[in-house]
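A.B. asks:
Residue numbers (our numbering), protein chains in the order written: chain A, 33 to 358; chain B, 9 to 414.
Below you can see the structure in the form of structure tokens.
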């Protein structure tokens, strides 16, 4: 196969090595993990409320800022006042708590009143966009427009970005951390949804909100929990993004949010594993496009493939076709 | 049916009104009906005060403010002859956020202000591409302290043909000069030889694409194997490109960007992947608060303004009012000065117009300037004299040290 590609004359020698392929694979998995965690929030909210929560990207952005401020409060990356592992744990805890609370507040004041007034489905969508722009502008006002740098390459003298060999992989500790943490959060969420009473209520509400309500499920509480969990995961993704990609600015949520939304649709909106898989697909698509085709065409290639996929399977990877009532 | 007819009439009437207002705002007519003042002339300072280039934009704005306060107070200014009759200035400020759509919106607002005589800006080349033709149609002269895209002043290029000579001017050299300086620096100082690998990366916008194209061409001509890459500035993960540069054994990576934090991230990611070559960023990344990885090189049209003797009192004034300057905005001081001198000359008879200011800015000749160099304009609006591109290297403490004077 190697010779076939060489004969084709398209690939450079370095592109035909396993190490380069695996490097790109890890880069894609890391990026995809961040997209996936954000996409879960979109998917959970849509699954329950059939609402496209476009403010979710900004919740991710606020989570990233919270992580930055915690890091700064404890002395910064280069010389933290506490052991760096503890500082990172506090960053995640604060960001998840803060972002989760923000999600609940958004639901309470921007969406629930519309739901109670039985507004048309377009109204909450506009409300979501409004919240998104408000949060973005408030971040500009309060945090400034210039990017804030986590400076995570300075943590413990750069040891988090040291590369370690695992079989054929050469991977940085930070990449391992992001991927493993994503898996843990995913497993935790899956167990929560599958095994707990609230999780069962969430599934029932997602299946039929009105019927769930008539069966005695406190639907409002389920919705609050959904926003809390989805937003907390976005907060975690915000800290991950800051740690591995260094920067947070008021506009980061919009772009990343749109990509995560696309990931949720690809995975089958409403499906939690689908959202994660969609995120990983986009992350891998981008990394492999840069590595083997062209960085200039990375989004063209990735999204052309995804459009093609959706044409074949409009409901996404794990989505269920909506029954049409006649 | 009646409703449809009424709606059609309403639509036609609305369309006619819009068309009339657009036509009415065009060129000489708008300039002719303006009623600007020579007692206190109105100009606009524009820049990316928010967004990823906010630090650089605010530095530009603050240098513009320093000029206006010095000018209005009658302080001696380099390049302003003694006894030169000054028309006092008043400035409105507009944020363009390095966003072409926003620059176009700002241009429409500024053009429609009949008291406004000239604009300092736009900062970004892409903003001039979008907003420049709108200012030109209003007859508004505009002078940039940072837009380096070469085609903005080339009448044979689409940009130059829509901006037209006489409207847009700049006090900084073009990217033809930056591209040549950067390529020569890579070849002569960074030891790149024929057959070596180099990666060049643009950020998919109007500033960086032609600049990187030129650098790539010059390196290719020298027999260098150049891997030309492109990644949107909004995408802040360079891991895949870093993997590629390391795998290619690139001797130098050149990044043209207007987002300094992207340069910081990319070089950090390269180093964490084991990259041992040199990293060179272009003038858009010139921001010591955001890009501070030791060892990286950066080219800039701005000298370190602290080192220019005639600038010392102005630097002191700046730092007293606004804190430390990153030097990026210093040419904006000179750009506003060109506007001020043009307005004052046109006001010699007590009256002025945009057309007169446009003409007289073109005739401005400074024997020296804040940058320590003479400034004048050629017929296309490019600076004659002025500074070249200086090469800096970032020190261990994050300071920018000159390694090759421009």
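All residues carry an ideal CB built from backbone N, CA and C; glycine is no exception.
Predicted model, so just to flag it, every value in this text is computed and none were measured.
With a threshold of 8 Å, are at least 3 pairs of Cβ atoms found where one atom belongs to the segment 69-88 of chain B and the other to the segment 371-389 of chain B?
C.D. replies: With the cut-off at 8 Å, the segment 69-88 of chain B and the segment 371-389 of chain B touch.
A.B. asks: Look up residue 54 (chain B) in the DSSP assignment and say whether it is helix, strand or coil.
C.D. replies: Three-state DSSP puts residue 54 (chain B) in a strand.
A.B. asks: Any C-beta of chain A sitting closer than 7 Å to the C-beta of residue 59 (chain B)?
C.D. replies: Output row for residue 59 (chain B): interface = yes.
A.B. asks: Would you say residue 62 (chain B) faces chain A, with C-beta separation under 7 Å as the test?
C.D. replies: With 7 Å as the cut-off, residue 62 (chain B) counts as an interface residue toward chain A.
A.B. asks: Give the single residue among A:89, A:280, A:198, A:47 whose Cα lies nearest to the Cα of residue 161 (chain A).
C.D. replies: Residue 161 (chain A) has its Cα closest to that of A:89, out of A:89, A:280, A:198, A:47.
A.B. asks: Where does residue 169 (chain B) land, buried or exposed, given buried means 16+ other C-beta within 10 angstroms?
C.D. replies: When all chains shown are included, residue 169 (chain B) counts as exposed.
A.B. asks: Mind reading off the beta-carbon distance from residue 278 (chain A) to residue 225 (chain B)? Whole number of angstroms is fine, and I expect it under 8 Å.
C.D. replies: Their Cβ separation, rounded to whole angstroms, is 32 Å, which puts residue 278 (chain A) and residue 225 (chain B) out of contact at 8 Å.
A.B. asks: Residue 85 (chain A) touches chain B at which residues, Cβ-Cβ below 9 Å?
C.D. replies: Simply none; closest approach about 21 Å.
A.B. asks: Taking Cβ positions, are residue 84 (chain A) and residue 157 (chain A) nearer each other than 7 Å?
C.D. replies: Yes, these two residues count as a Cβ contact at 7 Å.
A.B. asks: Between the segment 133-151 of chain A and chain B, which residues of the former have CB atoms less than 7 Å from a CB of the latter, in chain order?
C.D. replies: Under the 7 Å Cβ criterion, the segment 133-151 of chain A contributes no residue.
A.B. asks: Can you look up residue 201 (chain A) in the DSSP assignment and give me helix, strand or coil?
C.D. replies: DSSP places residue 201 (chain A) in strand when its eight states are reduced to three.
A.B. asks: Closest to residue 212 (chain A) by C-alpha separation, out of A:307, A:112, A:254, A:269, would be which residue?
C.D. replies: The option with the nearest alpha carbon to residue 212 (chain A) is A:269.
A.B. asks: For residue 49 (chain B), name the three-state secondary structure that DSSP assigns.
C.D. replies: Here residue 49 (chain B) sits in strand by DSSP.
A.B. asks: Short check: CB of residue 65 (chain A) to CB of residue 210 (chain A), under 7 Å?
C.D. replies: Yes, they are a contact pair.
A.B. asks: Between the segment 48-62 of chain A and chain B, which residues of the former have CB atoms less than 9 Å from a CB of the latter, in chain order?
C.D. replies: Hits within the stretch, in order: 49, 51, 52, 55, 56, 58, 59, 60, 62.
A.B. asks: Can you tell me the Cβ-Cβ gap for residue 333 (chain A) and residue 321 (chain A), rounded? I've got them flagged as a contact below 8 Å.
C.D. replies: That belief holds up - the Cβ atoms of residue 333 (chain A) and residue 321 (chain A) are roughly 5 Å apart, short of 8 Å.
A.B. asks: Take the Cβ of residue 199 (chain B) as the centre, count every other Cβ of all protein chains shown within 10 Å, and call the residue buried at 16 or more, exposed below.
C.D. replies: When all chains shown are included, residue 199 (chain B) counts as exposed.
A.B. asks: Quick one: what's got a C-beta closer than 6 Å to residue 250 (chain B)'s C-beta in the same chain, skipping five residues either side?
C.D. replies: Hits under 6 Å: 277, 278, 281.
A.B. asks: How long is the line joining the alpha carbons of residue 86 (chain A) and residue 289 (chain A), rounded to whole angstroms?
C.D. replies: Their Cα atoms are separated by approximately 8 Å.
A.B. asks: Counting C-beta neighbours from all protein chains within 10 Å, is the total for residue 261 (chain B) 16 or more, i.e. buried, or is it exposed?
C.D. replies: Result: buried.
A.B. asks: Could I get the ranges of all uninterrupted alpha helix (DSSP H) runs contained in the segment 222-309 of chain A, with 4 residues as the minimum, in chain order?
C.D. replies: Listed in chain order, they are 229-239, 241-246, 251-277, 284-299.
A.B. asks: Does the beta-carbon distance from residue 155 (chain B) to residue 119 (chain B) come in below 7 Å?
C.D. replies: No, the Cβ-Cβ distance between residue 155 (chain B) and residue 119 (chain B) is not below 7 Å.
A.B. asks: So for residue 409 (chain B), helix, strand or coil by DSSP?
C.D. replies: Three-state result, residue 409 (chain B): strand.
A.B. asks: Residues of chain B with CB under 8 Å from residue 181 (chain A), in chain order?
C.D. replies: Those are 269, 272, 298, listed as they occur along chain B.
A.B. asks: Can you list, in chain order, the stretches of the alpha helix (DSSP H) that have 4 or more residues and sit fully within the segment 301-350 of chain B?
C.D. replies: DSSP runs (the alpha helix (DSSP H)) wholly in the segment 301-350 of chain B: 320-330.
A.B. asks: What first and last residue would you give for the beta strand (DSSP E) that runs through residue 158 (chain B)?
C.D. replies: No beta strand (DSSP E) holds residue 158 (chain B); DSSP gives it neither H nor E.
A.B. asks: Could you say which of B:367, B:153, B:365 lies nearest to residue 343 (chain B) if we only look at CA atoms?
C.D. replies: The shortest C-alpha separation from residue 343 (chain B) is found at B:153.
A.B. asks: Within the 7 Å Cβ cut-off, does residue 278 (chain A) reach chain B?
C.D. replies: Taking Cβ atoms only, chain B reaches closer than 7 Å to residue 278 (chain A), which makes this a yes.
A.B. asks: Please report whether the beta-carbon of residue 173 (chain B) lies at a distance below 7 Å from any beta-carbon of chain A.
C.D. replies: Not closer than 7 Å to any Cβ of chain A, the Cβ of residue 173 (chain B) fails to qualify, so no.
A.B. asks: Distance check for residue 316 (chain A) and residue 310 (chain A), CA to CA, integer angstroms please.
C.D. replies: Cα-Cα distance, rounded: 10 Å.
A.B. asks: Going along the chain, which residues of its own chain have a beta-carbon closer than 6 Å to the beta-carbon of residue 138 (chain B), five neighbours each way excluded?
C.D. replies: Only 108, 111, 112 meet the Cβ criterion.
A.B. asks: Counting contacts by CB-CB distance shorter than 7 Å, is residue 357 (chain B) in contact with chain A?
C.D. replies: Not one chain A Cβ lies under 7 Å of residue 357 (chain B).
A.B. asks: Spell out whether any CB of chain A is found under 7 Å from the CB atom of residue 242 (chain B).
C.D. replies: Answer yes: the Cβ-Cβ gap between residue 242 (chain B) and chain A drops below 7 Å somewhere.
A.B. asks: Return the bridge partner residues of residue 152 (chain B) from the DSSP annotation.
C.D. replies: Answer is B:178.
A.B. asks: Taking only beta-carbon atoms, is residue 206 (chain B) less than 7 Å away from chain A?
C.D. replies: Cβ-Cβ to chain A under 7 Å: no for residue 206 (chain B).
A.B. asks: CA-CA distance, residue 256 (chain A) and residue 139 (chain A)?
C.D. replies: Straight-line Cα distance between these residues: approximately 7 Å.
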